[in-house]
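For reference, the structure discussed in these notes is given below.
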Amino acid sequence: MTRSRVRKPKLRPYLAREPLSMRHNPNDCQKPQQLGLISCYVSQSAVSMYHKDSLQQDSGSAIFSLKGPNLRISSIKSAVCIALTITIAGSNGRLVIAESGSTDPNSNVAEVKVGWSEFHGPAGTGFVSEGSLPKNWTDQEYVWRYPLAASDVGSPVIAGGIIYFLTTDREAKTISLEAVQLATGSPVFKKSFPQSAFHVHSRNSFASSTPAVDDKGIVVAWSDSEHTFLKSFDIDGNEQWSRDFGTWQSQHGFGTSPRLFGSMVLLFNSQQADQLRPGEEPGQSRMIAVSRDTGETLWETPLETTRTCYGVPAIFVAPDGTTQIIAANTGNGMFGLDSQDGRMLWNLPVFSKRCCSTPVLYGNLALASTGSGGGGNELVAVRIPTSDAEKPEEVYRIDRSAPYVPTLAVKGNQFFMVDDKGIASCREIETGTPVWTKRLGGNYSASPIIVGDTLLAINLDGIATLMGTGDKFEPLGKVDLGGSVGATPAFSDGYLVLRVGDEIRCLSNRSESE
1 MTRSRVRKPK LRPYLAREPL SMRHNPNDCQ KPQQLGLISC YVSQSAVSMY
51 HKDSLQQDSG SAIFSLKGPN LRISSIKSAV CIALTITIAG SNGRLVIAES
101 GSTDPNSNVA EVKVGWSEFH GPAGTGFVSE GSLPKNWTDQ EYVWRYPLAA
151 SDVGSPVIAG GIIYFLTTDR EAKTISLEAV QLATGSPVFK KSFPQSAFHV
201 HSRNSFASST PAVDDKGIVV AWSDSEHTFL KSFDIDGNEQ WSRDFGTWQS
251 QHGFGTSPRL FGSMVLLFNS QQADQLRPGE EPGQSRMIAV SRDTGETLWE
301 TPLETTRTCY GVPAIFVAPD GTTQIIAANT GNGMFGLDSQ DGRMLWNLPV
351 FSKRCCSTPV LYGNLALAST GSGGGGNELV AVRIPTSDAE KPEEVYRIDR
401 SAPYVPTLAV KGNQFFMVDD KGIASCREIE TGTPVWTKRL GGNYSASPII
451 VGDTLLAINL DGIATLMGTG DKFEPLGKVD LGGSVGATPA FSDGYLVLRV
501 GDEIRCLSNR SESE
């Protein structure tokens, strides 16, 4: 990658103490300490990252420059320097991680949108450091409740003080993108489209996909088996472009969600080729990248087609600034694609069953799970190769209490997971070493999330369990929501958003001064 020399603002150093995550106030670190792989130089308008052996900001050796019109450096609370995941307090900002030397925000290597703008929150980790959750609440404590026409399992997202989600109306035979105000539940817009019935799993629904949001608008995906739609809308709900990728073949129905990455939209179009019913034709799996602005195809990569898999692609940023799209399926296993052209860079066939959860990255580790409704679930950690000379490596495999559908949540150097049969556990992410395990009870499809120091998991019957995130299991509270829950909660700006049965509910833990 060619890097040009640019004039940099006056910066103060902020060094990562380890090659993975740091949780320090930038004001507490006034000079580099030779303890980590990357140094972060912070100003009020930009962040630049350097190898530890090239700490002079005028050397032209920056790995990345971070900038954005709404970037407030004082609000940075954590950074994952290898995966380059940055969490910022608040919900309305946008942080761009741009190619070193670039002054064009559109020429970005990766971007992290603040709030809860895609499935499972910032970078798909399910964790936000800012905020807290109440440990108990009653029906009278919801800020508002928004009625829906059906009980769907698509997760809501939050961006710019607006909640976005998909809904269906089986009587009207429509699927809709809806938007409501986060603080009040007042409707902003509703855009409806024809939707025909098709076969889905008993725990699935027609509106099972999660929207993705950036400053250009909202991208959604859905299918009716004959059509697979990917559509973009502006923030007022006006359609910007639409794509139809044809038939969708799956034993369990649709469920994949789009991923926004710089100037492209990614759709993991995984389909079924085995376990088909009589008369069904096998589908063709592929990873699709389209232009964020126009919807035109940038590239498509054919994938092994076995069983439909549903994870949202993750973005890995290598130390040299190149990026890989990380995904998991039954046929290819864990794999990485070149983000520029979709070329398969590597794959490691580590899965024998369906992959429903979303891969989660930690440093150069990719974690994903596989399983079935009948059991045999496993979670596998793979070391991502960062050069042609390196090979992917299975680091560890967990075959006890691993999730099939729920995605794990990451905080610090630990991950937290809840398997489909209600066993919660905490493990060290680098080794997979158990920290604690606890049976919660019930069955689970929604993914756990972490807000501050509280882990929230909600089972299919709507029993919400709140736990601590320390080295010992700590029960904090339990709430019966009084309805079914298959959608992952969302949290932003002090508000917890829940999809319970045929309602969207909002709970606030903000102080009156906020």
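The sequence shown lines up with residues 1 to 514 when you count with UniProt numbering.
We treat Cβ as the ideally placed atom computed from N, Cα and C, and that holds for glycine.
For residue i, which three-state DSSP category applies?
| i | result |
| --- | --- |
| Ala123 | helix |
| Gln140 | helix |
| Ile235 | coil |
| Pro187 | strand |
| Cys506 | strand |
| Lys472 | coil |
| Asn459 | coil |
| Phe335 | strand |
| Val157 | strand |
| Gly363 | coil |
| Arg396 | Per the sequence shown, the amino acid found at residue 396 is Tyr instead of Arg. Looking at Tyr396 - three-state DSSP - the assignment turns out to be strand. |
| Cys356 | coil |
| Gln240 | strand |
| Gly483 | coil |
| Lys438 | strand |
| Met309 | The residue asked about is misnamed: residue 309 is Cys in this sequence, not Met. Three-state result, Cys309: coil. |
| Ala149 | coil |
| Phe254 | coil |
| Ser192 | strand |
| Arg427 | strand |
Would you mind working out which of the options sits nearest residue i, comparing C-alpha positions?
| i | options | result |
| --- | --- | --- |
| Leu260 | Gly501, Ser372, Thr322, Phe119 | Phe119 |
| Gly452 | Leu460, Pro406, Asn509, Arg499 | Asn509 |
| Val410 | Ala366, Ser445, Gly375, Gly371 | Ala366 |
| Leu177 | Ser232, Thr228, Asp471 | Ser232 |
| Gln181 | Asp493, Asn332, Pro403 | Asp493 |
| Leu267 | Asn459, Val435, Glu171, Ala212 | Ala212 |
| Val219 | Lys191, Pro258, Gln195, Thr184 | Pro258 |
| Leu455 | Asp461, Thr488, Gly483, Gly482 | Thr488 |
| Ile398 | Met287, Lys391, Glu430 | Glu430 |
| Phe415 | Leu303, Phe127, Gly115, Gly121 | Phe127 |
| Asn443 | Ser401, Gly246, Glu239 | Ser401 |
| Phe254 | Thr228, Gly482, Asp420 | Thr228 |
| Ile458 | Ser484, Gly470, Pro403, Asp139 | Ser484 |
| Leu303 | Met287, Asp293, Arg292 | Met287 |
Should residue i be counted as a contact of the ligand GDP given a C-beta to heavy atom distance under 6 angstroms?
| i | result |
| --- | --- |
| Ala327 | For the ligand GDP, the structure offers nothing, since it holds no ligand at all. |
Is the Cβ-Cβ distance between residue i and residue j less than 7 angstroms?
| i | j | result |
| --- | --- | --- |
| Leu166 | Ala221 | no |
| Leu440 | Ala464 | no |
| Ser285 | Ser270 | yes |
| Ile326 | Gly336 | yes |
| Leu148 | Asp480 | no |
| Cys506 | Val500 | no |
| Lys135 | Leu379 | no |
| Lys191 | Gly237 | yes |
Looking at the secondary structure, which residues open and close the beta strand (DSSP E) in which residue i lies?
| i | result |
| --- | --- |
| Val418 | 414–418 |
| Leu267 | 264–269 |
| Tyr495 | 495–500 |
| Gly246 | From DSSP, Gly246 is part of no beta strand (DSSP E); its letter is neither H nor E. |
| Asp169 | 162–169 |
| Trp116 | Element bounds for Trp116: n/a, residue is neither H nor E. |
| Pro302 | 297–302 |
| Asp214 | 212–214 |
| Ser372 | Careful: Ser372 lies outside any beta strand (DSSP E) and carries neither H nor E. |
| Gln324 | 323–329 |
| Asp259 | Strictly speaking, residue 259 in this sequence is Arg, with Asp absent from that position. 259–261 is the span of the beta strand (DSSP E), which, as asked, contains Arg259. |
| Gly217 | 217–223 |
| Arg383 | 378–383 |
With a CB to CB cut of under 7 angstroms and the five nearest residues on each side skipped, what residues in its chain are close to residue i?
| i | result |
| --- | --- |
| Thr386 | Ala318, Pro319, Asn364 |
| Thr184 | Trp144 |
| Leu486 | The amino acid occupying residue 486 in the given sequence is Gly; Leu does not appear at that position. So the qualifying residues of the chain are Val153, Arg203, Ser445, Ala446, Leu460. |
| Lys472 | Trp436 |
| Glu141 | Leu507 |
| Leu345 | Gln324, Gly336, Leu337, Asp338 |
| Leu348 | Gly333, Met334, Val382, Pro392, Glu394 |
| Lys421 | Asn443 |
For residue i, which residues of its own chain have a beta-carbon under 6 angstroms away from its beta-carbon, when the five flanking residues on both sides are left out?
| i | result |
| --- | --- |
| Arg243 | Leu230, Gly295 |
| Ala328 | Gly311, Met334, Cys355, Pro359, Ala368 |
| Ser117 | Val157, Ala159, Val213 |
| Tyr396 | Ala381, Gly432 |
| Ala179 | Ile162, Tyr164, Val188, Phe189 |
| Pro313 | Arg259, Leu266, Phe268, Ile325, Ala327 |
| Phe351 | Thr330, Gly333, Thr370 |
| residue 566 | No statement about residue 566 is possible, as the shown extent of the chain runs from 1 to 514 and does not include it. |
Please return the same chain residues whose Cβ sits closer than 8 angstroms to the Cβ of residue i, not counting the five positions on each side in sequence.
| i | result |
| --- | --- |
| residue 552 | The chain is shown from 1 up to 514; residue 552 falls before or after that span and cannot be answered. |
| Val290 | Leu230, Arg243, Met264, Val265, Leu267, Glu296, Thr297, Leu298 |
| Gly121 | Phe127, Val128, Ile449, Ala490, Phe491 |
| Leu408 | Gly126, Ser357, Val360, Leu367, Ser369, Leu379, Phe415, Phe416, Met417, Ser447, Pro448 |
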